[in-house]
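Using the numbering used here, the first residue of the sequence shown is number 2, and each one after it goes up by one.
Cβ coordinates follow ideal geometry from the N, Cα and C atoms, glycine included.
As the structure is a computational prediction, the values presented were derived from the model and not from experiment.
First up is the structure itself, then whatever we jot down about it.
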Amino acid sequence: MSFVIAIDGPAASGKGTLARRLAAHYSLPHLDTGLLYRATACALLEEGLRLDDVESAVAAARSLSLTDFDEKRLRARDMGEAASVVAAMPAVRAALVDMQRGFAARPEGAVLDGRDIGTVICPDAKVKIFVTAAPETRATRRALELARAGEEADYTAILEDVKKRDARDSARSAAPLKAAADAVTLDTSDLDIEEAFAAARGIVEKARR
2 MSFVIAIDGP AASGKGTLAR RLAAHYSLPH LDTGLLYRAT ACALLEEGLR
52 LDDVESAVAA ARSLSLTDFD EKRLRARDMG EAASVVAAMP AVRAALVDMQ
102 RGFAARPEGA VLDGRDIGTV ICPDAKVKIF VTAAPETRAT RRALELARAG
152 EEADYTAILE DVKKRDARDS ARSAAPLKAA ADAVTLDTSD LDIEEAFAAA
202 RGIVEKARR
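Structure below.
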């Protein structure tokens, strides 16, 4: 089996940053699976379709390519909320499973981050990390991220969004957000990026041994 690092966690917990850092450190390809759901939602919105149109959402998911994402657009705040709606659809999640598992099956291994990597996509991954942080911490991080990108950053509204997404992602019937039974939980509330990266690297090294 290839060496797969599965990283899960809620929005703005730091999982994406850690996944990119680990992928670079271990020279592994990286897939932010959240972009797949954001791209699906974006395709619907650009076509003027409703986010709850299951048939159109599945068609959009099946037509995705991993190489043509406009990350700046997809990482906008409105796309995160829209993606959470689309991701709650079992049919959409099913349409994207094979694409994600195919990426993880690369001979050299891979790093994938999302919300159901360790539980659904790669249940046999050698390393599973569940990254979390307090909602207030995550809202602060997202506000700073948006401000740096020149976007409006209303902390109160962002905190409300974070809590709504947590509730929706955790309560959905298909692949709800939760830590895999064998995942190591990493709380980054009081850690800066270097401290969090060192902790994540320690988890990986322990699993490799």
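7 Å Cβ cutoff met for residue 127 and residue 181: As a first step, residue 127 is located in the sequence shown; it is residue number 126 there, counting from the start. As a first step, residue 181 is located in the sequence shown; it is residue number 180 there, counting from the start. Going by C-beta atoms, residue 127 is not nearer than 7 Å to residue 181.
Inter-residue spacing [alpha-carbon to alpha-carbon] between residue 161 and residue 24: Within the sequence shown, the letter at position 160 stands for residue 161. Within the sequence shown, the letter at position 23 stands for residue 24. If you draw a straight line from the Cα of residue 161 to the Cα of residue 24, it comes to about 31 Å.
Reference residue 154, options 73, 204, 142, closest by Cα: Along the sequence shown, one-based indexing puts residue 154 at 153. It is 142.
Span of the alpha helix (DSSP H), counted from its first residue to its last, around residue 121: In the sequence shown, counting from the first residue as 1, residue 121 sits at position 120. In the DSSP assignment, residue 121 falls outside any alpha helix (DSSP H) and carries neither an H nor an E.
Residue(s) in a DSSP beta bridge with residue 32: Here residue 32 is taken as the residue at index 31 of the sequence shown, counted from 1. In DSSP, residue 32 forms a bridge with 113.
Cα-Cα separation between residue 1 and residue 67, rounded to whole angstroms: Since the first residue of the chain shown is 2 and the last is 210, residue 1 is not available in this structure.
Whole-number beta carbon distance between residue 114 and residue 33, since they are thought to touch under 8 Å: Translated into positions along the sequence shown, residue 33 becomes position 32. Translated into positions along the sequence shown, residue 114 becomes position 113. About 6 Å separates the Cβ atoms of residue 33 and residue 114, confirming a contact at the 8 Å cut-off.
Meets three-Cβ-pair contact criterion under 8 Å: the region 92 to 99 and the region 8 to 18: Taking a cut-off of 8 Å on C-beta distances, the region 92 to 99 does not touch the region 8 to 18, as fewer than three cross pairs fall below it.
N-terminal and C-terminal residue of the beta strand (DSSP E) that residue 188 is part of: Counting from one through the sequence shown, the residue named residue 188 turns up at place 187. In this chain, the beta strand (DSSP E) harbouring residue 188 covers 185 to 188.
As assigned by DSSP and simplified to three states, the class of residue 154: Here residue 154 is taken as the residue at index 153 of the sequence shown, counted from 1. Note: residue 154 maps to coil in three-state DSSP.
Cβ-based neighbour list, residue 1, same chain, cut-off 6 Å, excluding 5 preceding and 5 following: Not covered by the structure: residue 1. The range shown for the chain is 2 to 210.
Among 204, 168, 178, 69, nearest to residue 119 - alpha-carbon criterion: Stepping through the sequence shown from its first residue, residue 119 is reached at position 118. Closest by C-alpha distance to residue 119, out of 204, 168, 178, 69, is 178.
Residue 70 in three-state terms, based on DSSP: Taking the sequence shown and counting its residues from 1, one reaches residue 70 at position 69. Correct three-state label for residue 70: coil.
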